[in-house]
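*Asks:*
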Amino acid sequence: MPQKRQALFKDGLESLNFLSALQKHSSVLAPLLCFSAKALTASELESMFRPDLSPAGSNKRHKEVLTLGFWADYLLDCEEKATAVCLEDLMMFATGLMAVPPAGMTPPPCIQFLSDSPFPVANTCANTLKLPICDSYGIFKANMDFGIQNAPGFGCS
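Residue numbering for the sequence shown follows the numbering used here, beginning at 5 and increasing consecutively.
Written out as structure tokens, the structure is:
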């Protein structure tokens, strides 16, 4: 950057004392401003996606809780490479991102449940992942793998 542009940039950062704060507290602010290629974990994804559950005691809630168990198992299988999909593939399918941005996800990712489709559906603008309700983990895993691998636009790098 030419020196004049660099000076203007620094002046802009200093207008709200941001440059001073950045220089004094760089270790605190760096994680918010700089991307760090950190491997995703099953635990991280499980805690990131908040479930939108039906009322307690309902028949739907029982099936949703069972599906959340399948989801947790699926995440572990993805992490352990025991399935055709890796955690980064799953993240891309659900959010359109390969990694969690330094400033976090907005809106926060959520899980909803599908009773009318055997395959997962994602809305990457809303960070919403809709999981199929299945009777067994084997069916859930196969349908998740198929749905994610065959989604339009999936696999772009």
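Backbone N, C-alpha and C define an ideal beta-carbon position, used for all residues, glycine too. Fair warning: this is a prediction, and the values are worked out from it, not measured in the lab.
Ignoring anything shorter than 4 residues, give me the alpha helix (DSSP H) runs that lie fully in the segment 10-63, in order along the chain.
*Replies:* Here the runs fully enclosed are 22-28, 30-37 and 46-52.
*Asks:* What residue ranges within the segment 80-112 form continuous alpha helix (DSSP H) runs of no fewer than 4 residues, ordered along the chain?
*Replies:* Taking only runs of at least 4 residues, the alpha helix (DSSP H) segments lying wholly in the segment 80-112 are 91-99.
*Asks:* Give every residue of the same chain whose Cβ lies closer than 7 Å to the Cβ of residue 141, excluding the five residues on either side of it in the sequence, and list them in chain order.
*Replies:* Once the five neighbours on either side are set aside, the close Cβ partners of residue 141 are 74 and 77.
*Asks:* Check whether the Cβ of residue 19 sits closer than 7 Å to any heavy atom of the ligand COA, and report yes or no.
*Replies:* Inclusion of the ligand COA in the displayed structure is not the case, the ligand content being empty and no account of it being possible.
*Asks:* Please look up how many angstroms separate the CB atoms of residue 92 and residue 44, rounded, as I've assumed it's under 8 Å.
*Replies:* Rounded, the Cβ-Cβ distance is 6 Å, consistent with contact.
*Asks:* Would you give the residue range spanned by the alpha helix (DSSP H) that residue 137 belongs to?
*Replies:* It is not in any alpha helix (DSSP H) - residue 137 carries neither H nor E in the DSSP assignment.
*Asks:* Have a look at 90, 106, 118 and 30 and flag the residue whose alpha-carbon is nearest the alpha-carbon of residue 70.
*Replies:* Considering only alpha carbons, the answer is 118.
*Asks:* CA-CA distance, residue 18 and residue 106?
*Replies:* If you take the alpha carbons of residue 18 and residue 106, they lie about 22 Å apart.
*Asks:* So what's residue 150 in DSSP terms, helix, strand or just coil?
*Replies:* In this structure, residue 150 counts as helix in the three-state DSSP scheme.
*Asks:* Quick one: Cα of residue 99 to Cα of residue 7, how far?
*Replies:* Whole-angstrom Cα-Cα distance: 39 Å.
*Asks:* Can you name the start and end residues of the beta strand (DSSP E) that residue 1 belongs to?
*Replies:* It is not possible to answer for residue 1, since the shown part of the chain is limited to 5 through 161.
*Asks:* Return the residue from the list 149, 155, 113 and 156 that minimises the CA-CA distance to residue 51.
*Replies:* Ranking 149, 155, 113 and 156 by Cα distance to residue 51 puts 113 first.
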